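Asker: Pasting a structure here, questions to come.
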């Protein structure tokens, strides 16, 4: 029997090795795992067996440098919903260069009346964000052309420092757009949890014992290898929360009957919220984002808060949610790719 098991393991290893490796991603093999926790929060119960097909998942969260490259090359700098540039000097510089090319000069050289309302709002916000990130008054930067800004040593050092930090301040649609442009997608809730805990039912990616972590501010995504998940993912506890493809349903675990490649509860088409004034809307203005099918799942915990909060939020089974057209300073994402 032992010899037979070794043969099977060897065959599986060869098959997995034959799958073309995806750069920066790790392979999660097909199989079952236990999702949720009977001793967890109300929406983590009951623990249940899920079967997933194999897939690739990013080893690390998407970085500022990666997202800035996407925004430039996809020509979507001005259509990104979130204020990601508040945490990315490179993003600020790219936006300033784009706006300069549109209006033919630095911000202080362009007449305010020549700017569209939206471009004025964005340009002003970007200069303010650039000043905050470099500890300078935004007025100092208004008259500088992008070519001058890109040679500024303080700004260059900031770009390098932030490059490997997780992108944040992006909406769910921003994250999904990035993933789609790269031929990937956002992970389902089940895919994320399996990548985080494996088949061990551990409380944290590294095991059941709490480790002293940095939870006061963001840090480079490749972090500490000792905190890897069973499949080699890092940053699945802490740093930033991560957007998930699924809609949030607090009772979904007890309502669904079969869990084979689950995609979460049914939500609204294309991730769009109904207008509160639509005849078909079930929302009211004061309730927007509070109904079960108007929230997207976020996972993994983020920086900020107390150690007690971190111990709870960093668990592999912890579920939280956010409105898909909101963005936050502590939410980023990673991608998956089908095999």
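Residue numbers (this note's numbering): 1089 to 1427. Ideal Cβ positions, reconstructed from N, Cα and C, are used throughout, including at glycine. For clarity, every value in this text was computed on a predicted model and none was experimentally measured.
1) Compare the beta carbon distance of residue 1280 and residue 1410 with 9 Å and say whether it is the shorter of the two.
2) With C-beta atoms as the reference, is residue 1389 less than 9 Å away from residue 1402?
3) Please classify residue 1243: does DSSP put it in a helix, a strand, or coil?
4) Count Cβ pairs between the segment 1295-1307 and the segment 1229-1245 that sit closer than 8 Å; are there 3 or more?
5) Could you check which residue in 1171, 1136, 1352, 1227 has the C-alpha nearest to that of residue 1197?
6) Is residue 1136 helix, strand or coil by DSSP?
7) Going by the beta-carbon positions, is the gap between residue 1165 and residue 1218 smaller than 9 Å?
8) Helix or strand or just coil, what does DSSP make of residue 1272?
9) Roughly how many angstroms separate the alpha carbons of residue 1208 and residue 1177, rounded to a whole number?
10) Assign residue 1130 to one of two classes, buried (16 or more other C-beta atoms within 10 Å of its C-beta) or exposed (fewer than that).
11) Do three or more CB pairs link the segment 1414-1422 to the segment 1248-1259 at distances below 8 Å?
12) Go through its chain and collect everything with a Cβ distance to residue 1118's Cβ below 6 Å, but skip five positions before and after it.
13) Could you tell me whether any Cβ in chain C is nearer than 9 Å to the Cβ of residue 1274?
14) Can you tell which of 1220, 1250, 1265, 1150 has the C-alpha that lies nearest to the C-alpha of residue 1169?
15) Starting from residue 1424, trace the beta strand (DSSP E) in both directions and tell me its first and last residue.
16) To the nearest angstrom, how far is it from the Cα of residue 1426 to the Cα of residue 1283?
17) Hey, quick one: how far does the alpha helix (DSSP H) through residue 1333 stretch, first residue to last?
18) Quickly, what does DSSP pair residue 1146 with across the bridge? List them, please.
19) Check this for me: beta carbons of residue 1422 and residue 1145, under 9 Å apart or not?
20) In its own chain, which residues sit with a C-beta less than 6 Å from the C-beta of residue 1396, not counting the 5 before and 5 after it?
21) Check the C-beta distance from residue 1332 over to residue 1275 and give it rounded, since I have them as a contact under 8 Å.
22) Tell me the residue span of the alpha helix (DSSP H) that contains residue 1183.
23) Among 1221, 1335, 1199, whose alpha-carbon lies nearest the alpha-carbon of residue 1382?
24) Take residue 1151 as the anchor and find which of 1344, 1322, 1345, 1384 has the nearest alpha-carbon.
25) Residue 1408 to residue 1338, Cα distance in whole Å?
26) Leaving out five residues before and five after residue 1186 in sequence, what residues of the same chain have Cβ atoms less than 8 Å from its Cβ?
27) Would you tell me roughly how many angstroms separate the C-alpha atoms of residue 1251 and residue 1153, rounded to the nearest one?
28) Note the first and the last residue of the continuous beta strand (DSSP E) segment covering residue 1234.
29) Nearest-angstrom Cα distance between residue 1122 and residue 1137?
30) Check residue 1211 in the structure and name its three-state DSSP category.
31) Rounded to the nearest angstrom, what separates residue 1247 and residue 1236 at their Cα positions?
32) I'd like to check one pair, residue 1328 with residue 1179: are the Cβ atoms closer than 9 Å?
33) Alpha carbon to alpha carbon, what distance is there between residue 1307 and residue 1354?
34) To which residues does DSSP link residue 1410 through a beta bridge?
Answerer: Considering the structure as presented:
1) no
2) yes
3) helix
4) no
5) 1227
6) strand
7) no
8) coil
9) 19 Å
10) exposed
11) yes
12) 1141, 1142
13) This model lacks chain C altogether, as it is built from one protein chain only.
14) 1265
15) Its beta strand (DSSP E) spans residues 1424-1426.
16) 14 Å
17) Premise fails: residue 1333 lies in the beta strand (DSSP E), 1329-1335, not in any alpha helix (DSSP H).
18) In the DSSP output, where bridge partners are listed per residue, residue 1146 has 1113.
19) yes
20) none
21) So it is a contact: roughly 6 Å between Cβ atoms.
22) If you look at residue 1183, you'll find it in the alpha helix (DSSP H) that goes 1177-1191.
23) 1335
24) 1322
25) 9 Å
26) 1165, 1166
27) 5 Å
28) Where residue 1234 is concerned, there is no enclosing beta strand (DSSP E), although the alpha helix (DSSP H) it sits in stretches over 1234-1237.
29) About 5 Å.
30) helix
31) Cα to Cα, the separation comes out at about 15 Å.
32) no
33) 35 Å
34) Partner residues in the beta bridge of residue 1410, as assigned by DSSP, are 1384.
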